[in-house]
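Asks: Chains as they are written, first to last, in the numbering used here: chain Y, 1 to 473; chain A, 474 to 575; chain G, 576 to 1057.
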Amino acid sequence: MTEERYEPVIGLEVHCELRTATKLWCACPNEFGGEPNTHICPICLGLPGTLPVLNRNAVEYAMRIGTALNCEIKPSKFHRKNYFYPDMPKDFQISQYDEPINVQGYLDLPTGIRIGIERAHIEEDTGKSSHLGKSGRIHAAYGALVDYNRAGVPLVEIVSAPDIRSSEQAKDYVSELRAVLVATGATDGRMEEGSLRVDANVSVRKGPDAPFGTRCEIKNVNSLRSLVRAIEYEIKRQIEVLEDGGRIIQQTRHFNEDTLSTVALRSKEEAQDYRYFPEPDLPPISPGEAWINKVKEELPPLPPQRRAKVKEIFGTGDDGQIITLVEQDLDGLFLGVLSHGADGEIAIRRLLNEAASQIEAARKLDVKDFAALIGMEKSGKLSATQCKAVLAEMLESGGSPLQIAASLGFEGMKSNELEEVITQIINDNPDAFERFKAGDEKVTQFFVGQVMKATKGKANGKSVIEFLETKKS
Amino acid sequence: MNNENLITEKDVAHVAVLARLHLSEKEITDFTVQLRSILEHGRDITALDLADIPPTSGPIPLENVFREDVKGGCVDKSEVLSEAPGHQEGQFLVPPLLDGSE
Amino acid sequence: MKLSEQLLSAKEIAVGIKNKTFSATEIVSDTLGRIEKLDGDIHAFLNVTGDQALLRAKEIDEMVSKGEDPGILAGVPIGIKDNICTRKVATTCGSKILNEWKPPYDATVIEKLRSQGAIVVGKTNMDEFAMGSSTEHSAFGPTKNPHNIKCVPGGSSGGSAAAVASGMVPLALGSDTGGSIRQPAAFCGVVGLKPTYGLVSRYGLVAFASSLDQIGPFSRDVDDSVLLANAIMGHDPLDSTSLDIDTPPIKINSDGGVRGLRIGLVSEFLEGISPEISEAIERACKYLDAGGGQVESCSVPSVKQSLSAYYLIAPAEASSNLARFDGVRFGMRVDGKNAEEMMVNTRTAGFGDEVKRRIMLGTYALSAGYYDAYYGSAQKLRTLVIRDFESVYQKFDVLLSPTTPTTAFEIGAKIDDPLTMYLSDVCTIPTNLAGHPAISVPFGYDSKGLPIGLQVLAPALKDDLTLKVASYLESARENAND
Chain Y
1 MTEERYEPVI
11 GLEVHCELRT
21 ATKLWCACPN
31 EFGGEPNTHI
41 CPICLGLPGT
51 LPVLNRNAVE
61 YAMRIGTALN
71 CEIKPSKFHR
81 KNYFYPDMPK
91 DFQISQYDEP
101 INVQGYLDLP
111 TGIRIGIERA
121 HIEEDTGKSS
131 HLGKSGRIHA
141 AYGALVDYNR
151 AGVPLVEIVS
161 APDIRSSEQA
171 KDYVSELRAV
181 LVATGATDGR
191 MEEGSLRVDA
201 NVSVRKGPDA
211 PFGTRCEIKN
221 VNSLRSLVRA
231 IEYEIKRQIE
241 VLEDGGRIIQ
251 QTRHFNEDTL
261 STVALRSKEE
271 AQDYRYFPEP
281 DLPPISPGEA
291 WINKVKEELP
301 PLPPQRRAKV
311 KEIFGTGDDG
321 QIITLVEQDL
331 DGLFLGVLSH
341 GADGEIAIRR
351 LLNEAASQIE
361 AARKLDVKDF
371 AALIGMEKSG
381 KLSATQCKAV
391 LAEMLESGGS
401 PLQIAASLGF
411 EGMKSNELEE
421 VITQIINDNP
431 DAFERFKAGD
441 EKVTQFFVGQ
451 VMKATKGKAN
461 GKSVIEFLET
471 KKS
Chain A
474 MNNENLITEK
484 DVAHVAVLAR
494 LHLSEKEITD
504 FTVQLRSILE
514 HGRDITALDL
524 ADIPPTSGPI
534 PLENVFREDV
544 KGGCVDKSEV
554 LSEAPGHQEG
564 QFLVPPLLDG
574 SE
Chain G
576 MKLSEQLLSA
586 KEIAVGIKNK
596 TFSATEIVSD
606 TLGRIEKLDG
616 DIHAFLNVTG
626 DQALLRAKEI
636 DEMVSKGEDP
646 GILAGVPIGI
656 KDNICTRKVA
666 TTCGSKILNE
676 WKPPYDATVI
686 EKLRSQGAIV
696 VGKTNMDEFA
706 MGSSTEHSAF
716 GPTKNPHNIK
726 CVPGGSSGGS
736 AAAVASGMVP
746 LALGSDTGGS
756 IRQPAAFCGV
766 VGLKPTYGLV
776 SRYGLVAFAS
786 SLDQIGPFSR
796 DVDDSVLLAN
806 AIMGHDPLDS
816 TSLDIDTPPI
826 KINSDGGVRG
836 LRIGLVSEFL
846 EGISPEISEA
856 IERACKYLDA
866 GGGQVESCSV
876 PSVKQSLSAY
886 YLIAPAEASS
896 NLARFDGVRF
906 GMRVDGKNAE
916 EMMVNTRTAG
926 FGDEVKRRIM
936 LGTYALSAGY
946 YDAYYGSAQK
956 LRTLVIRDFE
966 SVYQKFDVLL
976 SPTTPTTAFE
986 IGAKIDDPLT
996 MYLSDVCTIP
1006 TNLAGHPAIS
1016 VPFGYDSKGL
1026 PIGLQVLAPA
1036 LKDDLTLKVA
1046 SYLESARENA
1056 ND
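#1: How many angstroms separate the CA atom of residue 396 of chain Y from the CA atom of residue 361 of chain Y?
#2: Which residues mark the beginning and the end of the alpha helix (DSSP H) in which residue 946 of chain G is found?
#3: Which parts of the segment 849-905 of chain G are runs of the alpha helix (DSSP H), unbroken and 4 residues or longer, counting only runs that do not cross its ends?
#4: Does any CB atom of chain A fall closer than 8 Å to the CB of residue 334 of chain Y?
#5: Going by beta carbon distance, what residues of the same chain come within less than 6 Å of residue 43 of chain Y, once the five residues before and after it are set aside?
#6: Between which residues of its own chain and residue 761 of chain G is the CB-CB distance below 6 Å, once the five residues before and five after are set aside?
#7: Within 10 angstroms of its Cβ, does residue 270 of chain Y collect 16 or more other Cβ (buried), or is it exposed?
#8: Between the segment 110-119 of chain Y and the segment 78-95 of chain Y, do three or more beta carbon pairs fall short of 8 Å?
#9: Quick one: grab the DSSP three-state call for residue 486 of chain A.
#10: Hey, residue 48 of chain Y and residue 786 of chain G: beta-carbon distance below 8 Å or not?
#11: Between the alpha carbons of residue 409 of chain Y and residue 452 of chain Y, how many angstroms are there, rounded?
#12: Roughly how many whole angstroms lie between the Cα atoms of residue 547 of chain A and residue 677 of chain G?
#13: Less than 8 Å separating the beta-carbons of residue 775 of chain G and residue 758 of chain G?
#14: Please classify residue 1020 of chain G: does DSSP put it in a helix, a strand, or coil?
#15: Can you say whether residue 381 of chain Y is buried or exposed, counting buried as having 16 or more other CB atoms within 10 angstroms of its CB?
#16: Reducing DSSP to helix, strand and coil, say where residue 651 of chain G ends up.
#17: Would you say residue 55 of chain Y reaches chain A, if we count a Cβ-Cβ gap shorter than 8 Å as a contact?
#18: Provide the residue(s) that pair with residue 792 of chain G in DSSP beta bridges, ordered along the chain.
#19: For the beta strand (DSSP E) holding residue 768 of chain G, just list the boundary residues, first then last.
#20: Does the Cβ of residue 945 of chain G have 16 or more other Cβ atoms within 10 Å, making it buried, or fewer, making it exposed?
#21: Which bits of chain Y does residue 544 of chain A rub up against, with CB to CB less than 8 Å?
#22: Determine whether the beta carbon atoms of residue 621 of chain G and residue 720 of chain G lie at a separation below 8 Å.
#23: Out of G/779, G/797, G/783, which one is the CA nearest neighbour of residue 1038 of chain G?
#24: Using the beta-carbon count (16 or more within 10 Å), is residue 469 of chain Y buried or exposed?
#25: Anything in chain G within Cβ reach of residue 304 of chain Y, meaning under 9 Å, just list it in chain order.
#26: For the alpha helix (DSSP H) holding residue 639 of chain G, just list the boundary residues, first then last.
#27: Just curious, the alpha helix (DSSP H) that residue 219 of chain Y is in, first and last residue?
#28: Could you check the C-alpha separation between residue 645 of chain G and residue 633 of chain G for me, to the nearest Å?
#29: Measure the CB-CB distance between residue 227 of chain Y and residue 198 of chain Y and report whether it falls below 8 Å.
#30: Identify the contact partners of residue 273 of chain Y in chain G, using a Cβ-Cβ distance below 8 Å as the criterion.
#31: With 16 other CB atoms within 10 Å as the buried threshold, where does residue 61 of chain Y fall?
#32: By DSSP, does residue 592 of chain G sit in helix, in strand, or in coil?
#33: To the nearest angstrom, how far is it from the Cα of residue 1045 of chain G to the Cα of residue 770 of chain G?
#34: For residue 243 of chain Y, which of Y/206, Y/101, Y/402 has the nearest alpha-carbon?
#35: When you compare each of G/907, G/747, G/858 to residue 732 of chain G by their alpha carbons, which one comes out closest?
#36: Taking DSSP as the reference, what is the three-state secondary structure of residue 252 of chain Y?
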């Protein structure tokens, strides 16, 4: 049980792509995907003679992020980080070095723990390379293809303090950070599309008062699940090395999704020497108080405030559900539905269980329509199954729930028509109805079945039973 | 600056790796001599007391030069790819990358 | 009409074309003929774009016949230094590594020239990536000085200077990072202006040292430099260091000469100069004095260390600017078993010795452990240079110096000694560190018949003053002929 003697120390570097219309230095569209090399121009290809011009909106988004993370927004400048790689068009990355735009902030996790933010600076993204012929061939890759659509997309890199103490906490931090970033409107936070990427610096030490151990940086973590696994593996690996009397070597390690382990990167011949120097093609940024205040004033409500509001208005509700609701950016819709008098329990269930799987469409749901749908389920006009089917259709193609229910045949019967059918069936089966009145449960199902048969399934089972009940007396 | 700080052949070899240049042994020797003489000439700067002088990275003081976030035209990729030393399937083709993992 | 051997100025050409005295087609054909005749010996051009130039001339002639104004450079042939990007026309920077690369875009100056009716007739030779003072470092062979083909034309814009000096073209564009316009202008006996940093867009100029580079004109007389400067100046949203200010066209009122101007003779620039250049300076001082100028000696102490600062800053920026020449997206590639090796092979085969030397120097100056001692100190020295100039400009309107310590040297004389070669930039470099304007104007010849150039320096944005004083100095030539 040696592991208990060690305390992990974790710091995270999160890169998030900003949702600007154009790239950081040029007017090419900043769009995910697209046919390779269709969002390129001489500037983002780094062709000789081209120069960068800073996108004002990227600076504003970075300031929003800094404000949301309680940072101090400072005058800043760009440096060149020099290293050669084919997906880096200029063979240097323009980044912020010793004078970043945001410094010294923090993020409070829903669990109450505060994680320090050392800096959140602006930099440019690289292109993407893919190996050729590695799979399905005997030989290893014979080459690589490079697509520069992503080159020059604006990023903000958020560097946490080494305040994180477990893989779970790392996950909480990234979840909350992501929710905050999305709430600012500066990024869409999609880990699966790579618009949010996490590197973890992990070390272990003997107890909370011991000095920090040597750390390793883990790259290629593509999901929250991988993050937890990579950190856990790395903690275990480091403890084992130390317990065997070894020493941790400071290095960059790659998380392998297949083996669930981290592997050291090939050690380079040279020590990393990025030869940072001030970017001579870009004047410094000095945002000034007016701009900083404007960003502060215009900052949309952040997850903690939004969760508190849901809690206050909804009254009940489980914390986990509310966190997810806000994380998914569905709290606005939910509160709108409540204000239309819809049932909160049903609404939150439908939002988190069904709507969340089509999140983009869910966020676009019309409040009134969604409230009406929840009302129909609550009143029994629609069964839960029918409600889900109507919702699926609303998410798919939009439209009012009444019309959709009608087109699906769920609301095809006016109540007087239904009453006629039921009366007819009662009259045709007087014996059965007597048994029903006496409380025979089985007969209830018989009547529902008969009504369904007569209406070709258009009737709502719950309404049928309600009618039968009214006929008892 | 004293003699210990003078650039050595080992430094030159290391810098060549950083600069992605392959130098022959003779080139390393020649460059070491030449760079040393240029850097020695630079001693006239280190002789000055510059402790309180701020650095200048651009000759004309400017700040906050921005571009509005408005989409413009992209370049036709065929025009760019036709100038590339290697291309395939609409992408730039390069020899295999060392992805770094062992 | 038949164009005589007498060379027309750009101004005369533009006026003549607008007045239909002759056509742009005639002018361009004549120019192409002269290049054909002379350039075998001089090698000023790397690429002559005759067909495109004739097509463009036809367009200009059509505009004129329709009564449209093609612009202030209507039909004027111009040579372009080969580090300025021209769409679909090979741009080599005097280097093998670009492998006849055809840019997919035009530099901003090229667009501006086109909108003023100028006609690009070719790309001119240069030291590889503008690194050199003799044009001997071109991968495509040296350019010769038209005054003596055994001598260098200076550099790095040697091709542009020689093209203008030999009368092949009335105008050319060069770039000046540490004197690369002014020094060859002096060696070749033409006018060369380095404008204030930020007045001319650098977009499309293949960067050598971004914080020092500036594009500027070559011409045979000052008036033509004014014309060309006016065509290329102005704010460019594609260059973040381009000055966003109103720049009314420069006009020189030469009536008053230099009357009342306070002219400083920088003592540091006179150290170690050749006796004949020293005499030229003395003559110039007398001539300025006679014109009502007040010439006085002055000192700009930090210019002494400028050379050292320059040879740290420029290579450092260059080492980063030239990283992109890696065989991936454009230009030459020498294959390797992986991308890393391909990059090394390409750069090793593609760059010449001088470029490698500066990349090495710059990489070293930026590397960990040396940044503060070298690059950091050089940046601080730059502050001192700016302060020293500020203080001397409290007392003087312009400064005067020789452009170079010697006249043109022989081909091969300094090629093996980089430091001595660098020392020929000693008078021109401080201006680049400060971002100020400076001009070189011909002022007589030495006993070997090689031209002498004088330099006029002024504070930022006082480009017109340098031109005005240069114009006055130029008038000494006419007076001497009278």
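Using N, Cα and C, we set each Cβ at its ideal position, and we do this for glycine too.
Everything numeric in this text was worked out from a predicted model, so none of it was measured.
Replies: Quick answer:
#1: Spanning the two alpha carbons is a distance of roughly 7 Å.
#2: For residue 946 of chain G, there is no enclosing alpha helix (DSSP H), as DSSP gives it neither H nor E.
#3: At a cut-off of 4 residues, the continuous stretches assigned as alpha helix (DSSP H) that sit fully inside the segment 849-905 of chain G are 850-865, 878-896.
#4: No, because no Cβ of chain A sits closer than 8 Å to the Cβ of residue 334 of chain Y.
#5: 25, 26, 50, listed in sequence order.
#6: Excluding its 5 nearest sequence neighbours in each direction, residue 761 of chain G has C-beta neighbours in its own chain below 6 Å: 978, 979, 1015, 1028, listed in chain order.
#7: Low confidence applies to residue 270 of chain Y: its pLDDT is 45, below 50, so where it sits in the model is not reliable, and the reading given next is rough at best. Its Cβ having fewer than 16 others within 10 Å, residue 270 of chain Y is exposed.
#8: The segment 110-119 of chain Y, when compared against the segment 78-95 of chain Y, does not touch it at the 8 Å Cβ threshold.
#9: Three-state DSSP puts residue 486 of chain A in a helix.
#10: No, the pair does not count as a contact, with Cβ atoms beyond the cut-off.
#11: One Cα belongs to residue 409 of chain Y, the other to residue 452 of chain Y, and the distance between them is close to 12 Å.
#12: In this model, residue 547 of chain A and residue 677 of chain G are separated by some 17 Å (Cα to Cα).
#13: Taking 8 Å as the Cβ cut-off, residue 775 of chain G and residue 758 of chain G do not qualify as a contacting pair.
#14: DSSP places residue 1020 of chain G in the strand class (E or B) of the three-state scheme.
#15: Buried.
#16: Looking at residue 651 of chain G - three-state DSSP - the assignment turns out to be coil, as it is neither helix nor strand.
#17: So, interface residue.
#18: The partner list for residue 792 of chain G (beta bridge, DSSP) reads G/748.
#19: Start and end: 766-769.
#20: The residue in question, residue 945 of chain G, is buried, as its Cβ has 16 or more Cβ neighbours within 10 Å.
#21: Taking the beta carbon of residue 544 of chain A as reference, the chain Y residues within 8 Å of it are 21, 22, 27, 28, 29, listed in sequence order.
#22: Taking 8 Å as the cut-off, the beta carbon of residue 621 of chain G is found no closer than this to the beta carbon of residue 720 of chain G.
#23: Here the closest residue by C-alpha is G/797.
#24: That one is exposed.
#25: Close partners of residue 304 of chain Y in chain G (Cβ separation under 9 Å) are lacking, with about 38 Å as the shortest Cβ gap.
#26: Here the alpha helix (DSSP H) through residue 639 of chain G covers 625-640.
#27: Where residue 219 of chain Y is concerned, there is no enclosing alpha helix (DSSP H), although the beta strand (DSSP E) it sits in stretches over 216-221.
#28: Taking the straight line from one Cα to the other gives about 12 Å.
#29: Cβ distance < 8 Å, so residue 227 of chain Y and residue 198 of chain Y count as in contact.
#30: By Cβ distance, chain G contributes 942, 943.
#31: Counting every other CB atom within 10 Å of its CB across the protein chains shown gives residue 61 of chain Y a total of 16 or more, marking it as buried.
#32: Three-state DSSP puts residue 592 of chain G in a helix.
#33: Distance between the alpha carbons of residue 1045 of chain G and residue 770 of chain G is about 14 Å.
#34: Per the Cα distances, Y/206.
#35: Looking only at G/907, G/747, G/858, the smallest Cα-Cα distance to residue 732 of chain G is reached by G/747.
#36: Three-state DSSP puts residue 252 of chain Y in a strand.
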